[in-house]
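These protein sequences, in sequence, are chains A and E. Residue numbering for the first sequence is 593 to 616, as defined by this note's numbering. Residue numbering for the second sequence is 4 to 247, as defined by this note's numbering.
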Amino acid sequence: TSLKEKHKILHRLLQNSTSPVDLA
Amino acid sequence: VHHSSLTPEQLISCIMHAEPPEIYLMEDLKRPFTEARMMMSLTKLANKELFFMISWAKKIPGFVELSLTYQMHQLESCWLDVLMLGLMWRSIDHPGKLIFSADLKLNREEGNCVKGIVIIFDKLLAATTRFRELNLQREEYVCLKAMILLNSNICSTSPEMAEDLESRGKLQLLLDSVTDALVWAISKQGLSFQLQSARLAHLLMLLSDIRHVSGKGMKHLSDMKNNNIVQVSDLLLEMLTNGS
């Protein structure tokens with residue numbers, strides 16, 4: 593959990609099937 | 004098609020398709036340059052590129068099959084190396100210039116306005132010159148960039164990652180596949196076997212120079228942020244904090 597907390601944005605961008613660029 | 008069944012040629016084709024598009028700062032960096040303005044432009048570009056980089060990584064065959072922990076660790080360990088190699092590739096045909104984006108092209112003297120950045124510019128220019136001397140090919144470039152991503156954290160001591168033997172094994176296989184692809188790209192160039200080996204060594208040795216400059220860059224950006232010279236956006240801040 594701490595790792596995910598530390599990497600909130602990166603975690604979300606990797607996990608989401610939407611392109612990170614579209615989420616930006 | 005699973006990545007393990009791809010030929011080196013097919014793998015390179017996939018990695019080529021993953022390449023991010025050309026990026027633009029989309030605003031004029033007003034002259035005369037000031038430390039704050041230049042740092043703001045450079046960090047703004049870096050933040051834009053990070054989103055494209057995460058998108059790129061997800062398209063590297065096999066990357067999303069690694070555990071999320073591995074994916075995060077790989078990216079946070081290598082992001083500035085990847086940005087710097089991209090910068091060198093864009094600058095390869097422009098001796099003496101660093102092409103940060105199509106609309107932000109700087110020479111070393113223009114770095115004088117930012118304390119401590121000229122030494123980093125010089126190292127970036129020197130590595131770019133070396134790639135120019137080697138006549139780096141696009142296929143080799145995309146392989147080297149993927150290798151940076153896959154190799155960046157291979158010696159991690161994190162217990163959480165050491166226990167994830169499945170991802171560790173997958174990562175090693177992926178790295179082997181990309182290495183094979185690089186060897187294949189070099190072998191197409193009609194060089195003697197001896198010269199092929201020498202070229203492979205020269206290209207790979209440059210990765211350690213890039214690692215060295217990216218370490219300097221991380222330190223520089225951290226100092227700039229800590230001294231409130233530049234504000235760092237959320238994603239960049241997260242990568243800077245966790246990657247250093």
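Idealized CB from N, CA, C, for every residue including glycine. Keep in mind that this is a model prediction, so the values were computed, not measured.
For the pair GLU113/E and HIS599/A, the CB atoms are not nearer than the 9 Å cut-off.
Here the C-alpha atom of PRO162/E lies approximately 12 Å from the C-alpha atom of ARG171/E. For LEU178/E, not one C-beta of chain A is nearer than 9 Å to its own C-beta. Minimum Cα-Cα distance from GLU38/E among the listed residues GLN234/E, GLY246/E, THR244/E and LEU239/E corresponds to GLN234/E. From the beta-carbon of ASP125/E, no residue of chain A is found nearer than 7 Å; the closest lies around 31 Å away. By the criterion of at least three beta-carbon pairs nearer than 8 Å, the stretch 185 to 202 of chain E is not in contact with the stretch 94 to 102 of chain E. Per the Cβ contact rule, the stretch 57 to 65 of chain E is in contact with the stretch 15 to 32 of chain E (3 or more Cβ pairs under 8 Å). Leaving aside the five residues that flank CYS81/E on each side, the residues in its chain whose CB is nearer than 7 Å to its CB run, in chain order, ILE151, LEU152 and SER155. The C-beta of MET242/E comes closer than 9 Å to at least one C-beta of chain A. Non-local beta-carbon contacts of PHE55/E in its own chain, meaning distances under 6 Å to residues more than five positions away in sequence, involve PRO23 in chain order. The alpha-carbon separation between CYS116/E and ARG133/E amounts to approximately 26 Å. Restricting attention to ARG93/E, SER236/E, SER180/E and ALA149/E, the CA atom closest to the CA of HIS6/E is found in SER180/E. The CB of LEU78/E comes closer than 7 Å to the CB of LEU602 in chain A, given here in chain order. Nearest to SER236/E by alpha-carbon distance, out of LEU32/E, THR46/E and MET29/E, is THR46/E. Taking a beta-carbon distance threshold of 9 Å, MET29/E does not count as an interface residue toward chain A. Between GLY119/E and THR10/E, the alpha-carbon positions lie close to 45 Å from each other. Spatial neighbours of LEU83/E in its own chain (CB-CB distance under 7 Å, excluding positions within 5 residues in sequence) are listed in chain order as SER217, GLY220 and MET221. With distances taken between CA atoms, LEU147/E lies nearest to LEU178/E out of MET43/E, LEU178/E, GLN77/E and HIS215/E. Taking GLU68/E as the centre and dropping the five residues before and after it, the same chain places the C-beta of LYS173 closer than 7 Å to its C-beta, in chain order. The C-beta distance from PHE124/E to ARG135/E rounds to 16 Å, too long to meet the 8 Å contact threshold. The Cβ atoms of HIS223/E and LYS126/E lie no closer than 9 Å to each other. Here the C-alpha atom of GLU143/E lies approximately 16 Å from the C-alpha atom of ASP96/E.
DSSP places PHE36/E in the coil class of the three-state scheme, outside both helix and strand.
With its beta carbon at least 9 Å from every one in chain A, LEU45/E lies outside the interface.
Beta bridge pairing from DSSP links ILE151/E with no other residue.
From the listed residues PHE36/E, LEU78/E, PRO64/E and LEU53/E, the smallest Cα separation to CYS17/E is found for PRO64/E. For the C-beta of ASP167/E, not a single chain A residue is nearer than 8 Å; the gap to the nearest is close to 12 Å. Here GLN74/E is buried, its C-beta having at least 16 other C-beta atoms within 10 Å.
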